[in-house]
Structure formats: C-alpha cells, structure tokens
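Written out as structure tokens, the structure is:
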C-alpha cells in the first residue's frame, strides 16, 4: 500500500530534493521507517538520539495531527498523504529564568520538585517567574489558589467581588467559618500567604467585565476560569483568544465535572465547543442545582496540574481534549475537541474582533434598577399584599427536597412537570411563581404566559430573597 | 550569502520594535541558487508561545503549513524564519539550536530597550551541534 509523504522545504536536501516521496506501509510508523530507509540522511533530523521522533517534528495524516489520532500507530491507506510539518521555535532560552533565584528557604520548600527531572531547578524557576490569573475565589478557585501558591507560582492574581457566605464553606476551602461576611479576596490573600509567603497575591475586587477584562488579563501568562456563569465564561474565552493566552477551563455541577485547556493558537476555544449559550435558566448554577462538596477539589486540582504543565513545558497538556468526570460512577472519560473552522472568534475569518456585551449575548436582561416590571413582583410587595389579605396563588417550581427545607405554603409543581400539570392552575387567579433565586421561576412565567395565563408574576430573588429580607427565621440553603 | 533589501530589513526591525518586549517572528520567502539566497518577501506570523513570550516564540504546525502554502502561491521558496531577541545579542541560543531545522536561514534581530540593533543570519551546522553565521548582504534596492 503506497502513500505519499510530503517533505518540508528544509528537509528536501536530505531526500534528494524531492518534495514528496512515495512509500509503502499500513501505519505512520511503517511509512516513516520506509522513508528513512529510502533516504537515510533524513533520519538524524526526524529522530533524536533516543530513537523517538523529535518533539518539534509533527506528522499529519491528510489534515489530522497524529497526536489526536493514534500517534505513530495511526493507520494509513492508499491515497493518504502523510506530511512532515516542522514546529518552528526559538528564543533566548538561557535567560528564561536568568533573573530568578531561589532562596535557601525556597530550595528546601520545593526540594521534592527539584529532585524531579521534569521540574528540577529550571522548572521551579519557571514557576517562580510565572503569573497566573484566577477568575473566581470560590469552589474551583480554592484548590487552585492553595496548590498554585504551595508549589511556588510567583504571582497569583484573583478576580472576585463576593463576600464569604456560610453556604460556600462546604466546598470553598480558602475560607473558614470565621471568614463569613468578609471579602473573599481578603480571606484568600491571608490564606495563600499563610500557605506560602513567597507568592505575590494580586487582587481585583470587581466583576470581570468587557470594559476591564483585557486590562486585568494583560500581565498574566495563564488564565484559569473558575466561574459558574455563561457570560463570564464567554468573556474569559474571548479575552484569552484576543490576547493569545491559554485558558484552563473547569466546570462543576452536582456530581459532574469537566476540564480542558482552551488555547486558540493550538486548538479549539470555548466557542468552538459551544457556539451559543443555552437559554437563560436552562442550566442551573451551583446555587440552584447544588454541587457535591469534594467535586471542585478534584476539578480545581486538575486545572492546577494543567497550569503547572503549561508553565514548566513538560507533559501532555489538555489542549483539544475534554475530560469528563462523573463522581457518582467514579469514571473519567475523554472527548476529543476540534477547532471549529467557522468559529466566530478563533477561525481564519473571525466575525468577533473585540469584546461584546456578554449579558445580552447570553440573553440575560439587566435587572430594572427601580423595582420590577409588570411580570415581576418583589418580596416586599408580596409581603404587603399578603398582609392585606389579597387573593394571591403561590406556585413553587422547585424540587420536593428544596420544598422540605423552606417554603411559602405554595403549590409545589417542579419546573420539569409544569407542562403536564398546567391544568391544576386556575388562570383566573393572580399567580406568583417562585423558585430559590428566581431563574427557574422566570422560565415558568414565560411558559405560563405563552400558555395564556395573563396574571402571572415572578418573585424576584426567589424564596432566598424572602428569607433574607422578610423572614430572617426561615431556613436558607 | 543572504541577500535582502534595506526595506525588508526595516520591516523586520519595525516588527520587533512593535512587539517589544515580546519576541516577534515571521517567514522569509525568496529564491535560492548556488549558495546565494535572495529574500524577496517577508510575512509576519503571530507568536503562539504560551508563556515567556518576551524570550520565546513558536509557530504551530498549521502556521508552518500556511507558510509552505504561501511559498507555493508566490512561486518562491520558504527560505527560513526571522525572530527578534529583545535585549539579547543577535546570536542563536541553546534553545534555538535545540529547535532548529537544517537548511533554513534563521535571521535574528536584536532589539535593545525597544530600539532595533544588529541583524544576523544563521544556518544549522550538519552536526546539529552549532550554527554557522551566514553573511547578510543588505541591498539598497
């Protein structure tokens, strides 16, 4: 079986000036050994002294990099084209870590790294010279911050604007019980300094927005997305693509986690995977759907690992590979991700050239600043109207286990059953729909209005706002 | 010998000054014969290095293939690549050596404090253990 091997310009002198050579073989490995038998002068330039393909020699079968197929075992058939593609790299390597020194204390602290050949003094200096930006100091940000500080990453930036809430503590180990009510950034900075005082912690107490993202990301080598909302995910992705930075991505929900590295220069970006966001409310956040306490610990540490490999330059990074973790069945699966040739931001012909309005892109309407619109009702208004004895029908679209924690004595019809049980509702009465935070009930209101209900309103902020503002004795979750 | 016009050298210098303190890189297209190479066209390539972009550049395989395709379209030969050494001498580093391909001309432009300095060109020795400097002939037209 004969296939054509394309020879790149610099190697043609070693292949009798041919730009293509026909070789027999059924796998890439057989084809390449056939090639160097025909043209022995090529061998030294394709293979290192260890007999392995040199790391900067890439082999493609037709348009696929064999790293994403079965490497050298990749099968070939007649008519296939095998291409040898050089990676071109250069630079002033000796000076990469020229101005970085480790103190005696650091030598001891990192001694278990220094004795690993893949890290060593050079790798440890690279870590010290590196800067990593964490978006979010929550579930994923906790293990990320703790481990990246512990291993001696020189500069860790953190973007967050939240305060520590007691509901964070079952998974966010950066913060402790005594931190409840404090700024997450303050608590994170203190904790990271305690873990490793050599690390510089930069904090950005703000929401990451289209206005500030490029400026905040600019000084960092690697960006790690630890957020759980779609507008920020698209924002972080687009900013990383525009600035040519790797984005170590992780997400968690209940028992499931995902990890990958988006680097548009070498593989797909988030938009190649998800061109458009899901409709608002379809995918619940951790606050609405819940998350197993240990899960962010697993996903966040996997992200930390990938960031370290990006910096020390060893190991196979998760570019073009998505790891799916299911804690319930304890299974890891791996999916290959491909670059979308029509990706709106990272393809050859992008349609997006700057950051956009991500709230609008994700279909999230800005909250009215002065109260509510005609399809919404505030908890204060609900309270005063109930106190006046008005006839309001309360519909709770949460799950039964949530109803057990707290409720407003409403009728419980979980959102996923609403379509089938809509006849239980009386369209002549005024209905107030609520869930925990207001997202699921907004979808329920949309559905009911389309089904012909005229007097139906969404309780803004859900039962959580009720517990916060109206009934402090109520259980919260 | 590598023949290159003053205008193309100026464009390489400007590219390096623009990306300073990060490294820039680009492809060299031209003709080749009897040991004389003539650069007729250059093309800027974006640096895909993950980190330490002030000290490293790298091209993806796709960028390399695009450069080969471009050469075919232009009916020219891909003669090699240029890159800048911000605040470092225009000499190939150990890293350059470890990642070099034979035959190509590797043009290095020093940028000191944002200003372009000397330009040199190098070809990997057959032994793969060192580079040999290639004379640059700067042409006025």
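Protein chains in written order, with our numbering: chain A, 1 to 477; chain B, 1001 to 1141.
Yeah, the Cβ is synthetic: ideal placement off N, Cα and C, and Gly gets one too.
Quantities reported herein were computed from a predicted structural model and do not represent experimental measurements.
Taking 9 angstroms as the CB-CB limit, is residue i close to chain B?
{"i": "residue 177/A", "result": "no"}
{"i": "residue 305/A", "result": "no"}
{"i": "residue 60/A", "result": "yes"}
{"i": "residue 86/A", "result": "yes"}
{"i": "residue 11/A", "result": "yes"}
{"i": "residue 541/A", "result": "Outside the shown range of chain A (1 to 477) lies residue 541/A, about which nothing can therefore be said."}
{"i": "residue 89/A", "result": "yes"}
{"i": "residue 249/A", "result": "no"}
{"i": "residue 326/A", "result": "no"}
{"i": "residue 441/A", "result": "no"}
{"i": "residue 265/A", "result": "yes"}
{"i": "residue 83/A", "result": "yes"}
{"i": "residue 410/A", "result": "no"}
{"i": "residue 117/A", "result": "no"}
{"i": "residue 14/A", "result": "yes"}
{"i": "residue 367/A", "result": "For residue 367/A, the predicted structure reports a pLDDT of 49, less than 50, and the residue's modelled location is therefore unreliable. A value from the coordinates is still provided. Chain B contact via Cβ: absent."}
{"i": "residue 501/A", "result": "Nothing about residue 501/A can be read from this structure; chain A reaches only from 1 to 477."}
{"i": "residue 219/A", "result": "no"}
{"i": "residue 65/A", "result": "yes"}
{"i": "residue 277/A", "result": "no"}
Just tell me which of the options has its CA closest to the CA of residue i.
{"i": "residue 1017/B", "options": "1060/B, 1005/B, 1112/B and 1003/B", "result": "1112/B"}
{"i": "residue 263/A", "options": "110/A, 346/A and 456/A", "result": "346/A"}
{"i": "residue 1123/B", "options": "1133/B, 1116/B and 1129/B", "result": "1133/B"}
{"i": "residue 325/A", "options": "294/A, 450/A, 265/A and 17/A", "result": "294/A"}
{"i": "residue 313/A", "options": "72/A, 125/A and 274/A", "result": "125/A"}
{"i": "residue 128/A", "options": "249/A, 199/A and 223/A", "result": "199/A"}
{"i": "residue 460/A", "options": "477/A, 450/A and 383/A", "result": "383/A"}
{"i": "residue 1115/B", "options": "1019/B, 1078/B and 1125/B", "result": "1019/B"}
{"i": "residue 259/A", "options": "292/A, 337/A and 190/A", "result": "337/A"}
{"i": "residue 289/A", "options": "439/A, 357/A and 14/A", "result": "439/A"}
{"i": "residue 466/A", "options": "454/A, 457/A, 51/A and 435/A", "result": "435/A"}
Given a threshold of 16 other Cβ atoms within 10 Å of its Cβ, counted over all protein chains shown, does residue i qualify as buried or as exposed?
{"i": "residue 1086/B", "result": "buried"}
{"i": "residue 437/A", "result": "buried"}
{"i": "residue 1033/B", "result": "exposed"}
{"i": "residue 1063/B", "result": "buried"}
{"i": "residue 233/A", "result": "buried"}
{"i": "residue 239/A", "result": "buried"}
{"i": "residue 1094/B", "result": "exposed"}
{"i": "residue 1048/B", "result": "buried"}
{"i": "residue 1035/B", "result": "exposed"}
{"i": "residue 145/A", "result": "buried"}
{"i": "residue 371/A", "result": "Here residue 371/A scores only 49 on pLDDT, less than 50, and its place in the model should not be relied on; the value that follows carries that caveat. When all chains shown are included, residue 371/A counts as exposed."}
{"i": "residue 118/A", "result": "exposed"}
{"i": "residue 73/A", "result": "exposed"}
{"i": "residue 358/A", "result": "buried"}
How long is the line joining the alpha carbons of residue i and residue j, rounded to whole angstroms?
{"i": "residue 1131/B", "j": "residue 228/A", "result": "51 angstroms"}
{"i": "residue 400/A", "j": "residue 444/A", "result": "16 angstroms"}
{"i": "residue 230/A", "j": "residue 462/A", "result": "20 angstroms"}
{"i": "residue 308/A", "j": "residue 148/A", "result": "8 angstroms"}
{"i": "residue 411/A", "j": "residue 392/A", "result": "12 angstroms"}
{"i": "residue 173/A", "j": "residue 142/A", "result": "6 angstroms"}
{"i": "residue 394/A", "j": "residue 241/A", "result": "46 angstroms"}
{"i": "residue 389/A", "j": "residue 380/A", "result": "14 angstroms"}
{"i": "residue 133/A", "j": "residue 297/A", "result": "18 angstroms"}
{"i": "residue 489/A", "j": "residue 225/A", "result": "Nothing can be reported for residue 489/A, as the shown portion of chain A is limited to 1 through 477."}
{"i": "residue 178/A", "j": "residue 476/A", "result": "19 angstroms"}
{"i": "residue 36/A", "j": "residue 277/A", "result": "49 angstroms"}
{"i": "residue 1098/B", "j": "residue 41/A", "result": "18 angstroms"}
{"i": "residue 21/A", "j": "residue 67/A", "result": "22 angstroms"}
{"i": "residue 95/A", "j": "residue 1088/B", "result": "Note that residue 95/A scores a pLDDT of 39, beneath 50, so its modelled location is shaky and nothing firm can be said."}
When the cut-off is 9 angstroms and only beta carbons count, does residue i lie next to chain A?
{"i": "residue 1099/B", "result": "yes"}
{"i": "residue 1112/B", "result": "no"}
{"i": "residue 1068/B", "result": "yes"}
{"i": "residue 1035/B", "result": "no"}
{"i": "residue 1132/B", "result": "no"}
{"i": "residue 1080/B", "result": "yes"}
{"i": "residue 1063/B", "result": "yes"}
{"i": "residue 1058/B", "result": "yes"}
{"i": "residue 1021/B", "result": "no"}
Would you check whether the ligand FAD has a heavy atom nearer than 8 angstroms to the C-beta of residue i?
{"i": "residue 240/A", "result": "Only the bare structure without any ligand can be found here, which leaves the ligand FAD out of the picture."}
Query raised in the report: What residue ranges within the region 1046-1086 of chain B form continuous beta strand (DSSP E) runs of no fewer than 3 residues, ordered along the chain?
Result: Along the length of the region 1046-1086 of chain B, whole beta strand (DSSP E) runs at least 3 residues long occupy 1056-1058 and 1077-1086, reported in chain order.
Query raised in the report: What are the uninterrupted segments assigned as alpha helix (DSSP H) that are 4 or more residues long and contained completely in the region 189-269 of chain A, given in chain order?
Result: Restricted to the region 189-269 of chain A, the alpha helix (DSSP H) segments that are unbroken, complete and at least 4 residues in length are 213-217 and 230-243, listed in chain order.
**Report entry** Minimum length 3: unbroken beta strand (DSSP E) runs contained in the region 299-371 of chain A
**Finding:** If we require 3 residues or more, the beta strand (DSSP E) runs fully inside the region 299-371 of chain A come out as 321-326 and 331-336.
**Report entry** Runs of beta strand (DSSP E) wholly within the region 17-55 of chain A (minimum 3 residues, chain order)
**Finding:** DSSP runs (the beta strand (DSSP E)) wholly in the region 17-55 of chain A: 20-24.
Report task. List in chain order: all unbroken beta strand (DSSP E) runs of 3+ residues lying wholly within the region 370-407 of chain A. Result -> The qualifying runs are 392-396.
**Report entry** Minimum length 3: unbroken beta strand (DSSP E) runs contained in the region 428-454 of chain A
**Finding:** Counting only runs of at least 3 residues, the region 428-454 of chain A fully encloses the following beta strand (DSSP E) elements, listed from N- to C-terminal order: 430-434.
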